[in-house]
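Chains as they are written, first to last, in UniProt numbering: chain A, 1 to 181; chain B, 1 to 181; chain C, 1 to 181; chain D, 1 to 181. The beta carbon of each residue, even a glycine, is placed where N, CA and C say it ideally should be.
Protein chains: 4
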Amino acid sequence: MTANLNVTTVVGNPKRLSRTLTTAEALAAAIAAGLGTEPRAESVDLAELYLTGLEPPHGGFERLLGQIRSGDVLIVATPVYKGSYTGLLKLFLDQLPPKALEGTVTVPVTVAASREHRLLADLHLRPVLAELGAKTPVPSLTLVEGELPELDARLGAWTEAHLADLADALAFGRRPIGASA
Amino acid sequence: MTANLNVTTVVGNPKRLSRTLTTAEALAAAIAAGLGTEPRAESVDLAELYLTGLEPPHGGFERLLGQIRSGDVLIVATPVYKGSYTGLLKLFLDQLPPKALEGTVTVPVTVAASREHRLLADLHLRPVLAELGAKTPVPSLTLVEGELPELDARLGAWTEAHLADLADALAFGRRPIGASA
Amino acid sequence: MTANLNVTTVVGNPKRLSRTLTTAEALAAAIAAGLGTEPRAESVDLAELYLTGLEPPHGGFERLLGQIRSGDVLIVATPVYKGSYTGLLKLFLDQLPPKALEGTVTVPVTVAASREHRLLADLHLRPVLAELGAKTPVPSLTLVEGELPELDARLGAWTEAHLADLADALAFGRRPIGASA
Amino acid sequence: MTANLNVTTVVGNPKRLSRTLTTAEALAAAIAAGLGTEPRAESVDLAELYLTGLEPPHGGFERLLGQIRSGDVLIVATPVYKGSYTGLLKLFLDQLPPKALEGTVTVPVTVAASREHRLLADLHLRPVLAELGAKTPVPSLTLVEGELPELDARLGAWTEAHLADLADALAFGRRPIGASA
């Protein structure tokens with residue numbers, strides 16, 4: 001447990017205030033509550049960030065990048081569009097500097113309209129996160145829209161299965177390698 | 001051969017007037033010259049199309065969609081960013097109606113900075129094009145930046161290998177299935 | 001139409017006489033009936049081919065390779081195992097010489113236990129076929145086990161949608177590029 | 001540090017005693033030496049395991065499965081064949097029970113002949129490992145054959161970058177979630 005766990009959520013749904021956003025924020029809250037005593041969770045709707053154009057680095061972009069770098073956990077959320085993550089999300093990731101997520105513990109969240117598409121955005125997103133240097137130590141939360149009414153149960157199952165591993169990856173109180181146990 | 005072969009090129013490089021654009025236009029010209037007697041090739045720089053914002057369907061978007069639908073060949077070009085196609089390209093593809101490319105003969109063009117990334121954008125792009133219903137009957141033109149000085153030779157090798165198959169897929173003068181040969 | 005259309009089917013299900021085999025053979029028959037007047041379809045169960053060991057090139061392997069090369073259409077069929085095509089199928093593909101399928105018109109068939117896995121084997125298989133030089137001009141037939149009772153309807157829909165494109169790719173009676181139409 | 005760190009290496013190169021094997025064993029030794037005081041590393045050449053046939057579960061298979069389950073780290077090594085992991089490796093993974101690698105900390109090693117293929121086996125392998133429930137908390141070791149003469153330097157860079165994260169994932173001495181730090 002740590003007092004100042006910071007969870008940043010980035011949402012790549014072109015529609016503002018989407019169910020992708022509420023789903024990702026619910027996961028952020030569950031992680032923050034599970035691992036931090038005074039959790040702080042902030043979320044950025046990329047549909048807001050790029051509202052006036054797609055030109056690279058501007059104020060909002062730089063603030064978000066700083067927030068990700070100083071935070072503990074990054075949640076990257078996307079609906080499944082055309083069988084993959086959204087272009088809006090990738091537009092943001094494209095504008096990040098090389099290896100911008102080096103060492104950042106990252107958890108993808110994907111929401112698909114159909115079961116056939118459930119795994120697809122995750123399949124394509126993880127290599128992009130790897131290219132950026134992100135750590136993705138636990139499985140993504142991959143949901144189908146029909147499961148959203150039972151979101152609490154899904155979140156419970158996910159945290160039950162993966163919160164301990166996430167805590168390990170965050171390495172709070174990590175002992176130096178080579179130190180005696 | 002057909003008199004009115006139309007080739008539309010869509011370029012997903014966030015930088016306007018990129019080498020991705022000139023490469024894709026060179027392929028468009030080679031295809032048009034090889035298969036049509038009065039070739040018409042038009043290209044759209046998505047960096048232009050989304051210059052003032054990324055909001056879905058507007059005039060330029062609708063014109064481009066109409067052009068693609070009435071054309072014969074679509075070239076979809078992207079640099080390799082973060083190990084995949086660009087977010088800008090996917091932003092455009094995301095805004096297309098379901099199955100918008102049904103029956104459209106499509107050829108991807110990718111330009112990578114390193115050999116390690118040469119095949120990656122194509123690997124991730126083709127399933128998205130398939131989801132949109134596009135026909136992709138021939139291999140993509142996948143280039144590394146270091147090869148751009150020898151673009152003519154690369155284009156020559158590609159057309160030599162694939163132009164006949166592309167012509168077959170265009171099915172100019174297709175005989176009905178079941179008709180005697 | 002052509003009198004001597006040859007369809008070869010290769011089945012990568014480790015269980016002999018599988019539903020993958022019967023599904024693939026049904027597609028082979030539908031293609032042969034749709035495009036050839038005296039169709040010949042042969043199928044090879046890789047579970048038979050590798051029954052006594054997995055050592056590379058032996059008699060059965062060489063016969064199958066010859067059959068593929070002299071044939072018109074290759075059907076490559078696999079169940080979805082662990083989210084991808086089977087190792088048995090890839091074992092066979094690995095043993096093929098480089099570019100062994102150059103110019104071979106190939107149609108993948110995949111059968112998944114769940115809808116989540118429907119698209120996965122195809123997603124991973126097509127790049128391998130591309131590496132081998134295969135032409136894959138039409139979408140794969142991707143089925144879920146629960147759809148097998150309605151196989152005839154699925155085959156009908158597939159042939160209705162894609163047989164003409166397959167015929168174009170086979171280019172029976174192809175006119176030379178540049179000849180007047 | 002732990003006294004009894006067990007590293008199991010599974011090698012999917014159809015050629016016995018391959019450079020893939022020696023590379024994977026070198027990584028196993030580096031991990032064992034870095035994290036355990038009395039390291040034990042064992043490796044299984046799948047080309048040996050399947051020497052007399054590919055029929056599922058037999059003595060060697062069961063022993064290997066037991067070894068993986070009782071071990072701490074699993075290294076899964078493959079050359080890049082036809083743009084992906086080998087069929088031999090997948091044949092073994094296909095025969096594992098569902099979720100057989102649940103909780104197993106796994107590190108992929110891939111060796112490619114060309115730079116174009118460097119990332120491909122890893123890209124396709126990680127989703128299969130995820131389907132089996134494996135934990136893959138650190139990046140794979142992806143090598144090109146031309147780098148093998150400088151293997152020590154590559155191993156040094158990999159362990160420098162990732163050994164601490166691997167130790168975290170192994171969670172030696174993990175504190176219960178919710179316990180005070």
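Check, Outcome
"Backbone secondary structure at D:Glu-38 - three-state DSSP", "coil"
"Entirely enclosed beta strand (DSSP E) segments - the UniProt domain \"NADPH-dependent FMN reductase-like\" (6 to 139) of chain D, minimum 3 residues", "6 to 11, 40 to 45, 73 to 79 and 105 to 112"
"Proximal residues of chain D, C-beta to C-beta of C:Phe-92 below 9 Å", "Gly-87"
"A:Arg-126 at chain C interface by Cβ criterion, 8 Å", "no"
"is_contact[B:Arg-115, chain D] using C-beta, thresh 8 Å", "yes"
"Straight-line Cα distance separating C:Val-109 from C:Leu-123", "12 Å"
"Same chain, Cβ closer than 6 Å to A:Thr-104, five either side skipped, listed in chain order", "Leu-74 and Ala-134"
"Inter-residue Cα distance where the pair is A:Gly-87 and B:Phe-92", "8 Å"
"Residue-chain proximity (C:Ala-130, chain B), Cβ-Cβ < 8 Å", "yes"
"Contact check, B:Asn-6 vs B:Gly-71, beta carbons under 8 Å", "yes"
"Opening and closing residue of the alpha helix (DSSP H) in which D:Leu-166 lies", "151 to 170"
"Nearest-angstrom Cα separation, counted from D:Trp-158 out to A:Glu-150", "42 Å"
"Cβ contact check for the region 14 to 22 of chain B and the region 43 to 53 of chain B: 3 or more pairs under 8 Å", "yes"
"Sequence-distant residues of its chain with Cβ nearer than 6 Å to D:Val-10 (five each side left out)", "Val-44 and Val-76"
"Members of the region 44 to 67 of chain A that neighbour chain B once the beta carbon cut-off is set at 8 Å", "Tyr-50, Leu-51, Thr-52, Gly-53, Leu-54 and Pro-56"
"Segment limits, beta strand (DSSP E) that includes A:Leu-148", "No beta strand (DSSP E) holds A:Leu-148; DSSP gives it neither H nor E."
"Contacts that D:Leu-119 makes with chain B (C-beta to C-beta distance below 9 Å)", "Gly-83, Glu-116, His-117, Leu-119 and Leu-120"
"Exposure label - D:Leu-51; buried when at least 16 CB within 10 Å", "exposed"
"Nearest-angstrom Cα separation, counted from A:Leu-119 out to A:Lys-82", "13 Å"
"C-alpha distance - residue 189 of chain B paired with C:Leu-64, whole-angstrom precision", "In the structure displayed, chain B extends from 1 to 181; residue 189 of chain B sits before or after that span and is not available."
"8 Å Cβ cutoff, A:Ala-32 in contact with chain D", "no"
"Assigned exposure category for C:His-58 - 16 Cβ within 10 Å defines buried", "exposed"
"Min CB distance B:Ala-29 to chain C below 8 Å", "no"
"Buried versus exposed, by CB contacts within 10 Å (16 or more), A:Gly-53", "exposed"
"Any C-beta of chain D under 8 Å from that of B:Asn-6", "no"
"Beta-carbon contacts of D:Lys-99 that lie in its chain and below 8 Å, excluding the five residues immediately before and after", "Leu-132 and Gly-133"
"Euclidean distance between Cα positions of A:Leu-170 and D:Val-111", "30 Å"
"Per-residue burial, D:Ala-113 [other beta carbons within 10 Å of its own, 16 or more giving buried]", "exposed"
"Straight-line gap, D:Gly-146 to A:Glu-42 (C-alpha atoms, nearest Å)", "46 Å"
"Residue environment, D:Asp-152, which counts as buried when at least 16 other CB atoms sit within 10 Å", "exposed"
"Chain B contact for C:Ala-77 (CB, 8 Å cutoff)", "no"
"Listed by chain order, chain C residues near B:Leu-123 by CB distance under 8 Å", "Pro-127"
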